[in-house]
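A quick write-up on the structure given underneath.
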Amino acid sequence: MDYTLKETMTIMAAREIRNGDIVFCGTGISMVAAMAAKQISAPDSIIFFETGSIDSCLEEIPLAVADPRVMFGAASNSGLLEAFATMQNPNTGDRVIGILGAAQIDKYGNLNSTCIGNYFQPKTRLSGSGGSCDVASFVSRCLIFMQHEKRKFPIKLDYLTSPGYLVGPGARERAGLKPGGPTAVITNLGVMRFDNDTKEMYLAGYYPGVTPQNILDNMEFSVDISRAIETEPPTERELKILRKRVDPQKLVL
Amino acid sequence: MNTAQDKVMTLEQAIASYVTDGCHISIGGFTVSRNPMAAVYEIVRQRKKNLHCYAHSNGTGVDELIGGGCVSRLEIAYGGNGKAAPTCIRFKLAIQRGEILFEDYSNYHMSLRFHAGAMGVPFIATLSGLGTDILNIWGFSKEMRAKDPKLPNKKAEVIDNPFGSWTGASKVVLIPAINPDVTIIHVQKADRYGTCRIEGLNFADIDQAKSAKNVIVTCEEIVDAAELREKPEYNQIPFIHVSAVVHVPHGAYPSACYNYYDYDPMYLRQLSNFAKDDKLYKEYLETFVHGVKNHRGLLNLVGQEQLKIIAADARTGYATGLDRR
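Taken in sequence, the protein lines are chains P and A.
Count the first sequence with this note's numbering and you get residues 49 to 301, in order.
Count the second sequence with this note's numbering and you get residues 6 to 330, in order.
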């Protein structure tokens, strides 16, 4: 069965979501990944949005986190303060997994979604944090979607919007952040993870047809590739559910 | 003011009375939902200038205020608007061209700042943003802040947890309260005195309203106070906070109003195409904003057919099956 890169990325992320997780969703592919996980392998996962909608029905794919489609059939509709509290609440916070994206990521999983170039006179101004900095500050597990290109994996970020492991082991704690941080970076070429001791990114998996060298060629900084294995491609069952039940209108995929 | 008197007026009157050049303003809604667009377009039509705008993720509303030439200073968490504009286009251009001063925060920061303003405390504590450039880099300089009595002297401050390591935190971030001169929100139902019922997500509208000196409420329907008071627990904003009530059906268009109508994906896409080109955007403003007398005029240009297409389905609260490609 043929499949697209976007479908691969979606399935890779969906496989990271455990049954019972409370999934913080952004727009686009992260929403589709969360919806796919719920349909495929984590039926008891709960999807929630920073706008304050918890356990939405999602009969149709929302195209923004404030899309009225997130409001229909939810367990509760409140506001931003309640949504961010869910991530920090001593009883629910540990169950939350965040899904984020960014324009740049460094080797410690710090993210830039604010600007390319100088902050005051940027070459390209981006949307800004939104809830990204908040999620990255609060949750213990985070998935990050990225496109593998040299400029998107720079040695130094143009602006640090959302905290990963900051400057390495113990840095989050020294800054006053909770422990935790990014768990996986899912790209168009493979899956990267973070070393338990050094907190540095390493290549964990590459998609069929991609080599670890292809991936290094698309990054400014270098990562350990010694642990990398070929990833399991999306199965027929996963693809069928994704296409028939998650995004039949092909709004995202 | 703000007592139980009839506050119904025209949008023209409300904007002329409460939105003044250079005032500090916030608008309700979030990206594609419940932006008070009729009010935004009236502000542009009245050519208000030098507004200091506070935004979390308002989307189209803030982008049109910037594009309309009304904003000179912006404190914002997110300038994006769903599929039609992943980064709001006039926001992006204004910053890249150095046309506005801007300060970045996160969504939680901005929501908390309105909350602090509503509570009447000078600042509020959070654990968000430690170690990031959001706290390290200030868009508004110390000097600018020192000179302006309407700005706090600092963007943010990190302190050691004054309660030891209580709840496990070693440090906390303090961020300053916001008290806008005026907040404008669009709601589904209000009574003539200003009591509001918001259906669906409230985003940060309640604190944005309660933190402001004046509040303009635009609404889909004006209903009897008695009707809202039958189920007071479903009302979010009591009349005591509100200065003006304006009846504007489709007042959030082209953004969505849950249970009434969806966002208009076609209009938003067209708007994005105009916004990318200065000449086209100018022509767009002349036709769709300055070229019409009021919001009804814009809706006439859009046409009844299109409004029917985006009408909300009674079961879901949005336009089920709407073509959003």
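Even for Gly, the Cβ is constructed at its ideal location relative to N, Cα and C.
Quick caveat: nothing in here was measured; it's all calculated off a predicted structure.
In the DSSP secondary-structure assignment, residue 55 of chain P is not bridged to any residue. According to DSSP, residue 160 of chain P shares a beta bridge with P:152.
According to the DSSP assignment, residue 249 of chain P belongs to the beta strand (DSSP E) that extends over 249-254. Sequence-distant Cβ neighbours of residue 268 of chain P in its own chain, meaning closer than 8 angstroms and more than five residues away, are 198, 199, 201, 202 and 203. According to DSSP, residue 59 of chain A shares a beta bridge with A:31 and A:80.
As DSSP reads the structure, residue 194 of chain A sits in a beta bridge with A:202 and A:226.
Residue 98 of chain P is a Cβ neighbour of residue 128 of chain P, given a cutoff of 8 angstroms. If you draw a straight line from the Cα of residue 223 of chain A to the Cα of residue 44 of chain A, it is about 8 angstroms long. In its chain, beyond the 5 residues on either side, 121, 179, 180, 181 and 182 have a beta carbon closer than 7 angstroms to the beta carbon of residue 128 of chain A. Only those residues of the region 72-92 of chain A whose C-beta falls short of 8 angstroms from the nearest C-beta of chain P are listed: 81, 82, 83, 84, 85, 86, 87, 88, 91 and 92. Nearest in C-alpha terms to residue 219 of chain A, of all of A:231, A:192, A:247 and A:170, is A:247.
Residue 272 of chain A carries a helical assignment under DSSP once its states are collapsed to helix, strand and coil. Contact between residue 317 of chain A and residue 267 of chain A holds: CB atoms are separated by about 6 angstroms, below the 8 angstroms threshold.
The residues 68, 69 and 70, in chain order, have a CB closer than 7 angstroms to that of residue 143 of chain P in the same chain once the five nearest residues on each side in sequence are set aside. Identification of chain A residues near residue 98 of chain P by a Cβ-Cβ cut-off of 7 angstroms yields 112, ordered along the chain.
Proximity of chain P to residue 208 of chain A at the Cβ level (cut-off 9 angstroms) is accounted for by 99, 100, 114, 127 and 128, in chain order.
Leaving aside the five residues that flank residue 215 of chain A on each side, the residues in its chain whose CB is nearer than 6 angstroms to its CB run, in chain order, 123 and 246. Proximity to residue 124 of chain P across A:207, A:289, A:110 and A:324 peaks at A:207, based on C-alpha coordinates.
Chain A has a Cβ within less than 8 angstroms of the Cβ of residue 181 of chain P. Counting C-beta pairs closer than 8 angstroms gives fewer than three between the region 128-138 of chain P and the region 149-159 of chain P, which falls short of the contact rule. Shown here, residue 234 of chain A sits in a helix according to DSSP, grouped into three states. Comparing alpha-carbon positions, the option among A:109, A:65, A:108 and A:72 lying closest to residue 89 of chain A turns out to be A:65. According to the DSSP assignment, residue 131 of chain A belongs to the beta strand (DSSP E) that extends over 128-131. Chain P places a beta carbon closer than 8 angstroms to that of residue 321 of chain A, counting this residue as a contact.
Cβ contact annotation for residue 322 of chain A (same chain, cutoff 6 angstroms, sequence separation greater than five): 263 and 264, in chain order. Taking 9 angstroms as the upper bound on Cβ-Cβ separation, chain P lies near residues 163, 165, 166, 172, 173, 174 and 175 of the region 149-175 of chain A. Under the Cβ criterion of 8 angstroms, residue 299 of chain P is counted among the residues facing chain A. Under the Cβ criterion of 8 angstroms, residue 214 of chain P is counted among the residues facing chain A. When only Cα atoms are considered, residue 279 of chain A and residue 226 of chain A end up about 32 angstroms apart. When the five nearest sequence neighbours on each side are left out, the beta carbons in the same chain lying within less than 7 angstroms of the beta carbon of residue 260 of chain P are those of 251, 254, 273 and 276, in order along the chain. Spanning the alpha carbons of residue 118 of chain P and residue 324 of chain A requires a straight line of approximately 13 angstroms.
Taking every protein chain shown into account, the CB of residue 213 of chain A has 16 or more other CB atoms within 10 angstroms, so this residue is buried.
Taking residue 8 of chain A as reference, the option from A:174, A:55, A:74 and A:243 with the minimal CA-CA separation is A:243. The contact set of residue 118 of chain A on chain P, defined by CB atoms closer than 9 angstroms, is empty, because the minimum CB distance reaches about 11 angstroms. At a Cβ-Cβ threshold of 8 angstroms, residue 55 of chain P and residue 301 of chain P count as neighbours. A direct Cα-to-Cα measurement between residue 192 of chain P and residue 145 of chain P gives close to 11 angstroms.
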